[in-house]
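Q: Under the numbering used here, think of the first position of the sequence shown as 1, with each following residue one higher. Can you keep this structure in mind? I'll have questions shortly.
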Amino acid sequence: DWSAASFVDTTVAELKAQLGDDRVILGLSGGVDSSVAAVLLNKAIGKNLTCIFVDHGMLRKNEFKNVLHDYECLGLNVIGVDASAKFFKDLEGVTDPEQKRKIIGRDFVEVFDAEARKITDAKWLAQGTIYPDRIESLNITGKTIKSHHNVGGLPEEMHLQLCEPLKWLFKDEVRRVGRQMGMPEHLITRHPFPGPGLAVRILGDITPEKVRVLQDADDIFIQGLRDWGLYDQVWQAGVILLPVKSVGVMGDERTYERAVALRAVTSTDAMTADWAHLPYDFMAKVSNDIINKVKGVNRVCYDISSKPPSTIEWE
Ligand code: XMP
């Protein structure tokens with residue numbers, strides 16, 4: 001029977017032995033996994049851990065600022081890098097989902113690498129990779145299911161060894177480890193969020209303006225889930241900006257604006273998922289709020305597909 005307490009003790013001891021006085025760099029994403037990995041490493045090696053948190057411009061509304069603050073409160077040694085301009089430039093006009101992931105993955109490594117190089121004596125790169133990330137990235141059928149940009153190792157020239165203390169854990173176990181170490185509940189219960197962020201929730205090409213529209217709609221949905229006490233009942237939720245416009249009416253005016261889809265699922269490990277049966281009253285409120293408050297959106301749909309055969313994300 002697996003216990004979080006013994007996992008923490010064993011892993012901290014193992015990390016101390018493995019890392020000694022080496023300096024370690026860790027990429028923080030804002031998510032539960034990398035945050036727990038950071039706190040675990042901080043426990044083991046303290047000041048020898050430097051965390052790097054890259055803003056690719058496609059995080060949730062105010063996420064970069066808020067999460068950076070959380071990390072500082074946890075006593076982590078963290079460097080925040082706003083690289084959004086670079087990502088937007090490189091993603092300009094790109095519509096293919098795998099291409100988007102590749103560009104984001106490549107840019108991420110580049111930005112991260114530039115920061116990491118400043119820590120000249122670093123020996124290790126730590127990551128919050130968990131077991132399902134590795135399964136989904138495996139080449140089982142001869143075709144990669146999806147290339148998770150946070151899996152796949154490092155460019156040769158970095159000469160860093162990989163340290164993945166959570167690589168055998170499932171999400172619920174990661175959360176128990178975080179709780180065991182006394183991390184604040186809002187960080188622990190945070191929904192999963194894809195590494196490439198809102199980039200994979202904007203179908204079609206990405207522009208800063210589309211990101212703003214999606215951030216505003218997403219914020220209304222997520223804040224609504226919290227206000228209605230539904231946030232912890234779903235595994236993950238978000239809004240997808242669809243590449244279609246539809247006709248609507250506002251006052252006397254005919255509108256021709258974007259449609260968004262709300263996605264909320266229940267799951268235990270993201271390998272399978274069911275669409276969340278959210279209360280109609282809640283959905284009506286969110287729909288009204290989005291259409292009234294988010295300029296450029298005049299239609300809200302709800303995604304009622306399960307995984308499999310659908311995936312959680314739309315691309
Ligand atoms: P799918 O869409 O494959 O997603 O059902 C399963 C889980 O993985 C997340 N996801 C990603 N996470 N990089 C990530 O770090 C990615 O490229 C990526 N794609 C999907 C997704 O949000 C869900 O939690």
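Idealized CB from N, CA, C, for every residue including glycine.
(1) Could I get the ranges of all uninterrupted beta strand (DSSP E) runs contained in the stretch 210 to 268, with 3 residues as the minimum, in chain order?
(2) How many whole angstroms separate the CB atoms of Arg-196 and Ile-104, which I take to be in contact at a CB cut-off of 8 Å?
(3) Using a Cβ-Cβ cutoff of less than 8 Å, which residues in the same chain neighbour Ile-39 once the five nearest sequence positions on both sides are dropped?
(4) Out of curiosity, what's the CA-to-CA distance linking Leu-160 and Arg-106?
(5) Can you grab the Cα-Cα spacing for the pair Ala-270 / Ile-79, in whole Å?
(6) Using the Cβ count rule (16 or more neighbours within 10 Å means buried), how would you classify Met-250?
(7) In three-state terms, what does DSSP make of Leu-40?
(8) Take Ser-34 and list the residues in its own chain whose beta-carbon comes closer than 6 Å to its own, dropping the five residues that flank it on each side.
(9) On a Cα-Cα basis, can you pick out the residue from Phe-170, Pro-194, Arg-117 and Pro-308 that is closest to Trp-2?
(10) Tell me the DSSP secondary structure of Met-183 in three-state form.
(11) Just mark Arg-117 as buried or exposed, buried being the case when its beta carbon has 16 or more other beta carbons within 10 Å.
(12) Quick one: grab the DSSP three-state call for Asn-66.
(13) Can you have a look at Glu-185 and say buried or exposed, based on whether 16 or more other CB atoms are within 10 angstroms of its CB?
A: Quick look at the numbers:
(1) 236 to 250 and 253 to 266
(2) According to the sequence displayed, residue 196 carries Pro and not Arg. Indeed, because the Cβ distance is near 5 Å, the residues count as touching under 8 Å.
(3) The sequence given here places Val at residue 39; Ile does not occur at that position. Take Val-39, set aside five residues on each side of it, and the residues of its chain with a beta-carbon closer than 8 Å to its own are Leu-74, Leu-76, Gly-178, Met-181 and Met-183, in chain order.
(4) 17 Å
(5) 30 Å
(6) Around the CB of Met-250, fewer than 16 other CB atoms lie within 10 Å, so the residue is classed as exposed.
(7) helix
(8) Leu-28 and Gly-128
(9) Closest option to Trp-2, Cα to Cα, is Phe-170.
(10) coil
(11) For Arg-117, the number of other beta carbons within 10 angstroms of its own is below 16, and it is reported as exposed.
(12) helix
(13) exposed
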